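Residue numbering for the sequence shown follows UniProt numbering, starting at 1 and increasing by one per position.
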Amino acid sequence: MAASIKDVAKEAGVSIATVSRVLNDVDVVNEETKKKVLEAINKLGYRPNIVARSLKTQRTRTIGIIIPDISSQFYPEIVRGAEDVANIYNYNIMLCNTDLDPEKEIEYLRVLKEKMVDGVLYMSTSLEPNILELINQLELPMVLVETTSREGDIPSVTIDNEKAAFDGVDYLIRKGNKRIAYIGTHEDAEHASALRYIGYKKALEQNNIELNEKIVYFGGLKAQDGYEGMNNILQSESLDAVFCASDEIAMGAINALRDKDVKVPEEVDVIGFDDIYSASVFYPKLTTIAQPMYDMGSVGMRMLIKIINKQEIELKNYVLNHELVERNSCKK
Numbered sequence: 001m002a003a004s005i006k007d008v009a010k011e012a013g014v015s016i017a018t019v020s021r022v023l024n025d026v027d028v029v030n031e032e033t034k035k036k037v038l039e040a041i042n043k044l045g046y047r048p049n050i051v052a053r054s055l056k057t058q059r060t061r062t063i064g065i066i067i068p069d070i071s072s073q074f075y076p077e078i079v080r081g082a083e084d085v086a087n088i089y090n091y092n093i094m095l096c097n098t099d100l101d102p103e104k105e106i107e108y109l110r111v112l113k114e115k116m117v118d119g120v121l122y123m124s125t126s127l128e129p130n131i132l133e134l135i136n137q138l139e140l141p142m143v144l145v146e147t148t149s150r151e152g153d154i155p156s157v158t159i160d161n162e163k164a165a166f167d168g169v170d171y172l173i174r175k176g177n178k179r180i181a182y183i184g185t186h187e188d189a190e191h192a193s194a195l196r197y198i199g200y201k202k203a204l205e206q207n208n209i210e211l212n213e214k215i216v217y218f219g220g221l222k223a224q225d226g227y228e229g230m231n232n233i234l235q236s237e238s239l240d241a242v243f244c245a246s247d248e249i250a251m252g253a254i255n256a257l258r259d260k261d262v263k264v265p266e267e268v269d270v271i272g273f274d275d276i277y278s279a280s281v282f283y284p285k286l287t288t289i290a291q292p293m294y295d296m297g298s299v300g301m302r303m304l305i306k307i308i309n310k311q312e313i314e315l316k317n318y319v320l321n322h323e324l325v326e327r328n329s330c331k332k
């Protein structure tokens, strides 16, 4: 039979109220008494009734994490960083995968509210007005990771996507490339990756290269989008290089170029974005813009836990550093 809070109190020689204070980390219990209670808990293998405890404290020590695509190599690394920090502070994780479906995002937000999670770490590809309205209605402590709200009113952790894309395209131009294609998200999309197209255009403009919309392809961030985009461009246009809004797009684009007997990087330079694990083992190894995925998750979780505990956060919108990683998909 499982030990009860009454058994712990008896073993430690204290009242049930004292055990409750220790479990809820109330400061009025002295260190010697707290030590006796913790020793009794360990000896008896006592586990608190989370449901009953949450009804009393309005806390579940559970944090929801919403991700758009669990099959992507990008999001699990963010979740790992977030979970490591959550474990340090004794929070449990409830992971929700939306399959890039805005309706599932809405449903999961409602479910997490019903489950009384203490807060939400939210990665979204569709911060549409109706979702932002629901977020405000639910009044859940929340931190956005990888993306930001247009107004910047929700705490967030991201990189400067526009500057990162600018750096990637400028790198291609400095290698002598002029006809540089873009495959990725449209600038009007409610997602951080949309800023990469803006960075692409600014890099062309500042280097006095005219934008050629015939070598621009808008789609998703998957390898299939890269394959289809590259085939679409090659039907009518030639190019020197391609800037891809994700590593998966870059891999798909390279496969399309291979199928057309176009050599990478000898004939076309290709640069990706994210620096997922496959970027370093794909052939050719991808030159890419690296996002600090683990750090994005860990910084986001620390921010969220501070917000949950009504502590001050140093910054509302953290912008972490990106890095250009040179490998073999661009000419040396």
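Each residue gets a CB set at the ideal place from its N, CA and C atoms; glycine is no exception. Bear in mind the structure is a predicted one, so any value in this text is a computation, not a measurement.
The Cβ atoms of Leu144 and Ser126 do not sit closer than 7 Å to each other. Per DSSP, the continuous beta strand (DSSP E) segment holding Glu323 begins and ends at 323-325. Straight-line measurement puts the Cα of Ala203 at about 21 Å from the Cα of Arg327. For Thr288, the pairing in a beta bridge is given by DSSP as Gly272, Val325.
With a threshold of 16 other beta carbon atoms within 10 Å, His186 falls short and is exposed. Lys201 is not a Cβ neighbour of Lys331, given a cutoff of 7 Å. DSSP lists Ile93, Gly119 as the beta-bridge partner residues of Ile63. Judged by DSSP in its simplified three-state form, Ser246 adopts coil rather than helix or strand.
Remark: C-beta atoms of Val325 and Thr288 approach each other more closely than 7 Å. Taking C-beta separations shorter than 8 Å and ignoring five residues to either side along the sequence, the partners of Glu128 in its chain run Pro102, Glu190, following chain order. Straight-line measurement puts the Cα of Ile183 at about 58 Å from the Cα of Ala2. Ile249 is positioned such that its CB atom lies no closer than 7 Å to that of Asp269.
For the pair Gly119 and Ile313, the CB atoms are not nearer than the 7 Å cut-off. With respect to the 7 Å criterion, Asn97 and Ile70 are classified as neighbours on the basis of their beta carbons.
DSSP places Ala181 within a strand segment (E or B) once states are collapsed to three. Comparing alpha carbon positions, the residue from Ile78, Val29, Ile180, Val8 closest to Gly300 is Ile78. Using a 10 angstroms sphere on the CB of Ile63, the tally of other CB atoms reaches 16 or more, which defines it as buried.
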